[in-house]
Structure formats: structure tokens, C-alpha cells
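A.B. asks: My questions will all concern the structure given below.
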Amino acid sequence: MNFQQPVKQVQEQIREKLSHDLSIDWQEATDEQYYKAVALIVRDLLAKRRKQCMDRAEKEHAKTVYYLCMEFLLGRSLKNNLFNLGIEEEFREALSGMGVKLDSLYEQEPDAGLGNGGLGRLAACFLDALATGGYPAMGYSLRYEYGIFRQKLVDGWQTELPDFWLPGGQVWLQEMPERSVEV
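Residue numbering for the sequence shown follows our numbering, beginning at 2 and increasing consecutively.
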């Protein structure tokens with residue numbers, strides 16, 4: 002599926018997201034608001050791709066891989082997804098024409114507080130490999146409200162602090178309360 006489009010069309014999508022979803026005029030938007038608008042556009046493209054993949058799997062009666070893991074160390078999603086969809090340069094040029102640097106938007110995104118260490122990285126690699134191979138797959142985990150804790154030394158003692166990752170990372174989440182389960 003080709004997601005490349007003319008720069009003017011990308012700019013129009015960004016303006017529309019800023020206006021419709023964030024209630025802000027594009028000339029007045031901050032980098033954080035631009036980040037959210039671009040992330041929402043990319044999330045919509047990923048949803049189209051996911052639906053197409055799942056429809057194909059259903060039509061072909063293919064099995065789906067469901068991967069359950071307690072953590073996923075995904076890193077930052079915007080840059081990764083723009084690159085993988087082959088649309089990073091169109092967005093860079095579109096934003097530049099609007100007076101915004103794409104690299105500044107990358108800095109607005111927190112690391113998803115969904116894991117740390119080898120298990121989380123391995124889980125993310127499995128999902129990347131499945132997606133690259135075109136396999137129908139879905140990763141499941143817990144959504145940590147405060148992420149994996151941060152460590153800080155206070156007066157020589159280790160102190161654990163919550164990792165407030167959701168405010169900037171929530172843009173990637175598509176809530177489905179009808180499918181939630183209380184644990």
C-alpha cells in the first residue's frame with residue numbers, strides 16, 4: 002500500500018487535524034500540537050494498513066499471530082512509522098513549508114513507558130519482523146498508566162518515581178473500552 006502523496010495534500014491534512022482535532026489554527030500551533038496532528042495522521046494511515054491486512058487474512062482464512070507480553074520496548078513511534086511507511090520526506094517538506102522542523106516534532110514524543118530491557122526489545126523486534134513479513138499479527142500487553150518507573154538518586158539513595166509517558170504518548174493509543182477487561 003503506497004501512502005505517498007503530494008506535499009500540498011500533506012499540508013492540508015496537517016491543517017485539518019490541527020483545526021478539527023486540536024481546535025487551533027496552523028499559524029498559532031506549537032511543536033507539541035504539530036506533533037499530535039502528524040501522529041494522528043500517521044495513526045490513521047496505520048489503521049488503514051492494519052484493516053487491509055486483517056481483511057486479507059480473513060479472506061484467505063489465514064491464521065493470526067497474537068503475541069502476549071508484559072512489556073514492549075518500542076521506542077518513539079513517529080519517526081519509525083514515517084520511515085516505515087515511506088513518507089518521511091513528504092512530511093519533512095510539508096512541515097518545512099509551514100515553518101516547522103520535523104526533527105523538533107520528534108523531540109516532543111516521550112518513550113512509551115511499556116517496558117525496559119531485553120524482553121521488551123525482543124517483543125518489539127518480533128512484532129517488527131511479523132509486520133515486515135506481512136503476517137497478520139497483534140501484540141497484547143498491559144497499558145501502564147505511569148509506565149516503567151524512573152530511578153533517581155536522592156541523597157545517595159535510589160528512589161523510584163513514576164514515568165509520566167501517557168500525556169505525549171496517548172496520541173498513539175486507540176481506546177476500545179468495549180474490549181477492556183478489568184484485572
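Each residue gets a CB set at the ideal place from its N, CA and C atoms; glycine is no exception.
Tell me, please, which residues DSSP counts as bridged to residue 158.
C.D. replies: Its beta-bridge partners are 155.
A.B. asks: Should residue 135 be listed as close to the ligand SAM, given that the test is whether its C-beta is under 7 Å from any heavy atom?
C.D. replies: You won't find the ligand SAM in this model; it holds no ligand whatsoever.
A.B. asks: Leaving out five residues on either side along the sequence, give the residues of the same chain with a beta carbon under 6 Å from the beta carbon of residue 90.
C.D. replies: Around residue 90: no qualifying Cβ.
A.B. asks: Determine, for residue 153, whether the minimum Cβ-Cβ distance to residues of chain D falls below 8 Å.
C.D. replies: Absent from the structure: chain D. Only one protein chain is present.
A.B. asks: Counting pairs of beta carbons, one from the region 68–76 and one from the region 90–104, are three or more of them closer than 8 Å?
C.D. replies: Taking 8 Å as the limit for Cβ pairs, the verdict is that the region 90–104 does not touch the region 68–76.
A.B. asks: Between 176, 122, 155, 82, which lies nearest to residue 43 when the distance is taken from Cα to Cα?
C.D. replies: The shortest C-alpha separation from residue 43 is found at 82.
A.B. asks: If I measure Cβ to Cβ from residue 18 and keep anything under 7 Å in the same chain, skipping five residues before and after, which residues do I get?
C.D. replies: Hits under 7 Å: 38, 41, 42.
A.B. asks: Excluding the 5 residues flanking residue 23 on each side, which residues of the same chain have their C-beta closer than 8 Å to its C-beta?
C.D. replies: Answer for residue 23: 30, 34, 37, 38, listed in chain order.
A.B. asks: For the putative contact between residue 70 and residue 138, defined by C-beta atoms under 8 Å, what is the C-beta separation to the nearest angstrom?
C.D. replies: The pair is not a contact, with the Cβ atoms about 12 Å apart (cut-off 8 Å).
A.B. asks: Using a Cβ-Cβ cut-off of 7 Å (strictly less than) and excluding sequence neighbours within five positions of residue 88, which residues of its own chain qualify?
C.D. replies: So the list reads 4, 5, once near-sequence residues are dropped.
A.B. asks: Quick one: what's got a C-beta closer than 7 Å to residue 109's C-beta in the same chain, skipping five residues either side?
C.D. replies: Closer than 7 Å at the Cβ level, and outside the excluded window around residue 109, lie 32, 33, 36, 169.
A.B. asks: Measure the C-alpha to C-alpha separation of residue 135 and residue 126 and round it to an integer number of angstroms.
C.D. replies: Going from the Cα of residue 135 to the Cα of residue 126 covers about 14 Å.
A.B. asks: Under the assumption that residue 162 contacts residue 151 (Cβ atoms under 8 Å), give the Cβ distance between them as a whole number of angstroms.
C.D. replies: Indeed, because the Cβ distance is near 5 Å, the residues count as touching under 8 Å.
A.B. asks: Taking residue 15 as the reference, give the member of 92, 48, 49, 102 with the closest Cα.
C.D. replies: Here the closest residue by C-alpha is 92.
A.B. asks: Which of the three DSSP states is assigned to residue 134 in this structure?
C.D. replies: Of the three classes helix, strand and coil, the one that applies to residue 134 here is coil, per DSSP.
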